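Heads up: the structure comes next, in structure tokens.
There are 2 protein chains.
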Amino acid sequence: MTTSKKDLFSAAQVALAEFAGALAHPARIAIIGFLQSRGEASCGEIVAALPLAQPTVSQHLQSLNRVGLLHVRPEGARVSYSINCEALRDFCHSFQCTLGTGDAAEPANRSAQAMAEAI
Amino acid sequence: MTTSKKDLFSAAQVALAEFAGALAHPARIAIIGFLQSRGEASCGEIVAALPLAQPTVSQHLQSLNRVGLLHVRPEGARVSYSINCEALRDFCHSFQCTLGTGDAAEPANRSAQAMAEAI
DNA sequence: ATCGTATATCGCCAATATACGATTTTAGAT
DNA sequence: ATCTAAAATCGTATATTGGCGATATACGAT
Chain G
1 MTTSKKDLFS AAQVALAEFA GALAHPARIA IIGFLQSRGE ASCGEIVAAL
51 PLAQPTVSQH LQSLNRVGLL HVRPEGARVS YSINCEALRD FCHSFQCTLG
101 TGDAAEPANR SAQAMAEAI
Chain C
1001 MTTSKKDLFS AAQVALAEFA GALAHPARIA IIGFLQSRGE ASCGEIVAAL
1051 PLAQPTVSQH LQSLNRVGLL HVRPEGARVS YSINCEALRD FCHSFQCTLG
1101 TGDAAEPANR SAQAMAEAI
């Protein structure tokens, strides 16, 4: 990319792309699945469950958190992570409703509204 | 990345990540939105609508097509593209139903089943 | 066969993402 | 204050992605 062209697209389009980008790695899918099955987990517990080093997992958690996909609850030195289901649902909704497939519920927050405008 | 770790994750996880990756660029979100509003369009018409060169748009179309997001219909030299709504709906479903948010319909094809298994 | 138009592919470079060892930061325990 | 454990950040190596000019390919028309 000679020059980054992200500024040539709308903020809503960029936001939606960034959300999708947060899901665009098998490790992050695995983290979401692990958190889903566990309800919540610390970084260390996720490291133990995945074939990746601690800094790498921490990095992936930041990627997910940056787009609002996680609930983060510090418990002393330990940090408890869990899924923000709302954000995930709203992301899906922004695709479904604008594509007229009809079976999604109403969006629940602001970022979903922005995303829906993107497409 | 010293060594690619994609082989350390399940095929379903990789598939889901690749699908998300296809949505992870503002230009591809814009293409989806354009196709949605138009119903169908040729590569050239998309090029005219976006601030990108023809090879770049063609490349993005390949990215979307690789994960099954497009219907491709050649009409002589021209190629007509449109959205595979089914694929997009199934992608969203695989997140929604496994997260237990409940408001998604049943998946309609095989790739959705694979995706649902990922998480 | 040649031309004109539409699309895809190639080749190269710039930019971004991924991975992780080493280090720092944070917080509880002693 | 010091020790320990957990998590985040830094630095750096490597891999992947994005952009586009040049070129190749496909196809209808002449």
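Line order of the protein sequences matches chains G and C. By this note's numbering, the letter at position 6 of the first sequence is numbered 6, and the numbering carries on one by one without gaps. By this note's numbering, the letter at position 11 of the second sequence is numbered 1011, and the numbering carries on one by one without gaps. Beta carbons are placed, not taken as given, at the ideal position from N, Cα and C, and that holds for glycine. Computed from a predicted model, the values in this text were never measured in an experiment.
Query raised in the report: Whose C-alpha, out of G/Val72, G/Ile31, G/Arg66, is nearest the C-alpha of G/Phe19?
Result: For the purposes of this step, residue 19 of chain G is identified with residue 19 of the first sequence, where counting begins at 1. Selected option, being the one with the closest Cα: G/Arg66.
Query raised in the report: Where does C/Ala1015 sit, in a helix, a strand or coil, going by DSSP?
Result: If you number the second sequence from 1, residue 1015 of chain C lands on position 15. Three-state DSSP puts C/Ala1015 in a helix.
Report task. Measure the beta-carbon distance from G/Asn84 to G/Leu70 and round it to whole angstroms, keeping in mind my assumption that it falls under 8 Å. Result -> Counted from its first residue, the first sequence places residue 84 of chain G at position 84. Counted from its first residue, the first sequence places residue 70 of chain G at position 70. Taking a contact as a CB-CB distance under 8 Å, the pair G/Asn84 and G/Leu70 counts as one, their CB atoms being some 6 Å apart.
Requested in this report: Within the same chain, show all residues whose beta-carbon is closer than 8 Å to that of G/Gln36, passing over the 5 residues directly before and after it, in chain order.
Outcome: As a position in the first sequence, residue 36 of chain G is number 36, starting the count at 1. Within the same chain, G/Gln36 has close Cβ partners Ile83.
Report task. Could you name the residues that DSSP lists as bridge partners for C/His1071? Result -> Here residue 1071 of chain C refers to the residue found at position 71 when the second sequence is read from its first residue. DSSP, once it has assigned bridges, lists C/Ser1082 as partnering C/His1071.
Query raised in the report: Should C/Val1057 be labelled buried (16 or more other beta-carbon atoms within 10 Å of its own) or exposed?
Result: Walking along the second sequence from the start, residue 1057 of chain C turns up at place 57. Result: buried.
Report task. Establish whether the CB of C/Phe1009 and some CB of chain G are separated by less than 7 Å. Result -> Here residue 1009 of chain C refers to the residue found at position 9 of the second sequence. Interface residue, yes.
Report task. Mind checking which residues open and close the alpha helix (DSSP H) that includes C/Ser1063? Result -> The residue given as residue 1063 of chain C occupies position 63 in the second sequence. DSSP places C/Ser1063 in the uninterrupted alpha helix (DSSP H) bounded by 1054-1066.
Query - Enclosing alpha helix (DSSP H) for C/Pro1026 [first to last residue] - result: As a working note, residue 1026 of chain C is residue 26 in the second sequence. Looking at the DSSP string, the run of the alpha helix (DSSP H) that includes C/Pro1026 is 1026-1038.
Report task. Would you identify the three-state DSSP class for C/Ser1094, choosing helix, strand or coil? Result -> Working through the second sequence from its first residue, we reach residue 1094 of chain C at position 94. For C/Ser1094, the secondary structure class from DSSP, reduced to helix, strand or coil, is helix.
Requested in this report: Tell me whether C/Ala1022 sits in a helix, a strand or coil according to DSSP, three-state version.
Outcome: Along the second sequence, read from residue 1 onward, the residue named residue 1022 of chain C stands at position 22. The answer is helix: DSSP assigns C/Ala1022 an H, G or I state.
Query raised in the report: Do three or more CB pairs link the segment 1045-1053 of chain C to the segment 1020-1033 of chain C at distances below 8 Å?
Result: Because the criterion of three Cβ pairs below 8 Å is met, the segment 1045-1053 of chain C and the segment 1020-1033 of chain C touch.
Query raised in the report: What in chain G is Cβ-close to C/Pro1074, meaning under 9 Å?
Result: Working through the second sequence from its first residue, we reach residue 1074 of chain C at position 74. For C/Pro1074, there are no C-beta contacts with chain G under 9 Å, since the nearest C-beta of that chain is about 24 Å from it.
Query raised in the report: Is DSSP giving G/Ala77 helix, strand or coil here?
Result: Residue numbering aside, residue 77 of chain G sits at position 77 when the first sequence is read from its first letter. The answer is coil: DSSP assigns G/Ala77 none of H, G, I, E or B.
Report task. Find out if the Cβ-Cβ distance for the pair G/Ala17, C/Pro1074 is shorter than 7 Å. Result -> Locating residue 17 of chain G in the first sequence gives position 17, where the first residue counts as 1. Locating residue 1074 of chain C in the second sequence gives position 74, where the first residue counts as 1. No; because the gap between Cβ atoms is not below 7 Å, this pair is not in contact.
Query raised in the report: What residue from G/Cys92, G/Gln54, G/Val79, G/Asp90 has the CA that sits closest to G/Glu40's CA?
Result: Taking the first sequence and counting its residues from 1, one reaches residue 40 of chain G at position 40. Residue G/Val79 is the option with its Cα nearest to G/Glu40.
Requested in this report: With 7 Å as the threshold, decide whether the Cβ of G/Val14 is near any Cβ in chain C.
Outcome: Residue numbering aside, residue 14 of chain G sits at position 14 when the first sequence is read from its first letter. So, interface residue.
Report task. Measure the CB-CB distance between G/Ser63 and G/Ala22 and report whether it falls below 7 Å. Result -> Position 63 of the first sequence, counted from the start, is the residue given in the question as residue 63 of chain G. Position 22 of the first sequence, counted from the start, is the residue given in the question as residue 22 of chain G. Cβ distance < 7 Å, so G/Ser63 and G/Ala22 count as in contact.
Report task. With 7 Å as the threshold, decide whether the Cβ of C/Leu1023 is near any Cβ in chain G. Result -> Locating residue 1023 of chain C in the second sequence gives position 23, where the first residue counts as 1. So, interface residue.
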